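One line per chain: the protein sequences are A and B, in this order.
For the first sequence, the numbering used here assigns the number 1 to the initial residue and increments by one for each residue that follows.
For the second sequence, the numbering used here assigns the number 1001 to the initial residue and increments by one for each residue that follows.
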Amino acid sequence: MSPSQKKRFAIVALIITGVGAATFFAIMSMQSSFEYFRTPTQINQDGFDEKQTYRLAGLVRKGSVTRLEDGVTQRFGITDCESDVTIQYTGILPDLFREGQAIVTIGKFSTSEPEERNGKGALLIASQVLAKHDENYVPNEAADAIMLQQANKCDDAEGAVDY
Amino acid sequence: MNPLKSIWNFLSSTYHRLGSPREFYTISQYTTPVFGFLFLALSLFGTYFGLFVAPADYQQGDSFRILFVHVPVAWMSLFVYVVMATAGAIGLIWRMKMAFVVTICSAPIGAAFTALALLTGSIWGKPIWGTYWVWDARLTSELILLFLYFGIMAVYYAFEERKTAEKATALLAVVGVVIVPIIHYSVEWWSSLHQGPTVFVEGGPKMPPEMLLPLAFMAVGFMFFYGYALFLSMQAKVLDNERKSRWVKEIVSDKTR
């Protein structure tokens, strides 16, 4: 390389390093705002603000799905296998909704008294329920076995699971 | 003679020949149709296997088949950016005419791949997630990539003088390359609605071979499409850039005769 090429090489390298470092520090200082959702454990540990809208994700707790008396409102627990949050949702659930499926719920926490919800912990009144499919693709012959395995995922989990 | 050395010499001489607009024009006359044919053959094969031979997914059923377009175009949206930024850096450092042409001609192709990735993802999201769009890290960073491509195209056309325009465009392309690792790792660094990586993961792809094969064909096919579209667009750009030189005038007079 000629001297002028070396100089320009150094400038380009410097620009890339500089922009990279600036982006790195900016991202590090804003880490939590890039998270799309929170987990039940985080909510149960840190508490929640009743005025704020939350995006909360977890696996649908096995055997927790119940329908309220009005016939269109459903209640179910979501879990990261460590702790649970109860969700209440009025509307049509996504096709992929089933026990053990990871879902994202969006809404505000109920301010009602614990007795009204059978003494259970936090209750999120969801305005939207989204299904979060995972990165595994499997031929549908094996569907039943996998879905059973998914529904029982928390049975042999030690601590919180990823989804 | 050392075979490695002769391969290196061949690559090096090809690289330098491609650095000359006239040589590039001559060589690309032969390679462009080959790229186009390979794209057609591979993508037709991949489409057939993806739609009719690969089994349906256990939870998404047949709607997962949009993956055979969505995943390759999303990969290409990043791949094109890396090629574009590398060419931009080569142009800035070595003042190589053809490197700038690669940068400028790649931008609209990359933008098209990005737009397609966003569009197919949105169509896929509605039945599976239950929504067309969310502002999670992966979707948002991919949208920023689309605007970055638009910005790069806009900068080039904002300058009267071509050499200034080329340098400014290359610089923006180089600076913007930080978005590539952010998009790639967005689903690992932060929680998102978008799924994590399936294919390039530790312990091998989380997908059976009968789904992986059509995906690989589509991915390589789209790579050749990029080569095809890039060379076509570069040919036109080279003729325009070199319109005052004799060899272009000869070509034009041959064609109009």
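Just so you know, even glycine gets a beta-carbon here, dropped at the ideal spot from N, CA and C.
Just so it is clear, the structure is predicted and the values come from calculations on it, not from any experiment.
In the displayed model, A:Lys62 falls within coil according to three-state DSSP, outside both helix and strand.
Distance from the CA atom of A:Val85 to the CA atom of B:Leu1118, rounded to whole angstroms, is 33 Å. Put simply, the backbone Cα of B:Asn1241 is about 30 Å away from that of B:Leu1116. The straight-line gap separating the alpha-carbon atoms of A:Arg55 and A:Thr105 is approximately 6 Å. The C-alpha of B:Ala1219 is placed about 8 Å away from the C-alpha of B:Val1071. At a cut-off of 4 residues, the continuous stretches assigned as alpha helix (DSSP H) that sit fully inside the region 1094-1161 of chain B are 1097-1128 and 1137-1158. Within the region 1177-1214 of chain B, the complete alpha helix (DSSP H) runs of at least 4 residues fall at 1179-1189. Judged by DSSP in its simplified three-state form, A:Pro94 adopts coil rather than helix or strand. Contact of B:Tyr1058 with chain A is assigned, a C-beta pair being separated by under 8 Å. With contact defined as three or more Cβ pairs closer than 8 Å, the region 1072-1086 of chain B and the region 1050-1060 of chain B are not in contact. Under a criterion of Cβ atoms nearer than 7 Å, the residues of chain A adjacent to B:Ala1089 are, in order, Val12. Rounded to the nearest whole angstrom, the CA to CA distance from B:Tyr1149 to A:Ala151 is 43 Å. For the set A:Val65, A:Thr79, A:Phe9 and A:Glu69, the Cα lying nearest the Cα of A:Gly159 is the one of A:Thr79. By the CB criterion at 8 Å, B:Ala1089 and B:Val1174 fall inside the cutoff.
Straight through space, the alpha carbons of B:Glu1023 and B:Lys1249 are spaced by roughly 15 Å. Cβ contact annotation for B:Ala1111 (same chain, cutoff 8 Å, sequence separation greater than five): Leu1146, Tyr1149, Phe1150 and Met1153, in chain order. The contact set of B:Ser1253 on chain A, defined by CB atoms closer than 9 Å, is empty, because the minimum CB distance reaches about 38 Å. Using a Cβ-Cβ cut-off of 8 Å, B:Thr1047 does not count as an interface residue toward chain A, since no Cβ of chain A sits closer than that to its own.
Going by C-alpha positions, A:Met147 is about 44 Å away from B:Ala1107.
Per DSSP, A:Lys108 is not a residue of any alpha helix (DSSP H); the beta strand (DSSP E) it occupies stretches across Ala102 to Phe109.
Against chain A, the beta carbon of B:Ala1099 has no neighbour under 9 Å; the closest one sits roughly 12 Å away. Scanning chain B for C-beta atoms nearer than 7 Å to the C-beta of A:Pro3 yields nothing, as the closest lies near 12 Å away.
Counting C-beta pairs with one atom in each stretch, the region 81-99 of chain A and the region 26-35 of chain A have fewer than three that are closer than 8 Å, which means they do not touch. The DSSP-derived three-state label of B:Gln1060 is coil. Below the 9 Å Cβ cutoff, chain A contributes no neighbours of B:Thr1169, its closest Cβ being approximately 14 Å away.
DSSP places A:Gly121 outside both helix and strand once states are collapsed to three, so it counts as coil. Shown here, A:Leu56 sits in a strand according to DSSP, grouped into three states. Nearest neighbour of B:Phe1224 by Cα position, chosen from B:Ala1041, B:Trp1008, B:Ser1013 and B:Thr1014, turns out to be B:Ala1041. Relative to the Cα of A:Ala122, the nearest Cα in the group A:Leu68, A:Val161 and A:Gln88 belongs to A:Gln88.
Using beta-carbon distances, A:Thr17 does not count as an interface residue toward chain B, since no partner is under 8 Å. Straight across, the Cα-Cα distance linking B:Thr1131 with A:Ser112 is about 29 Å.
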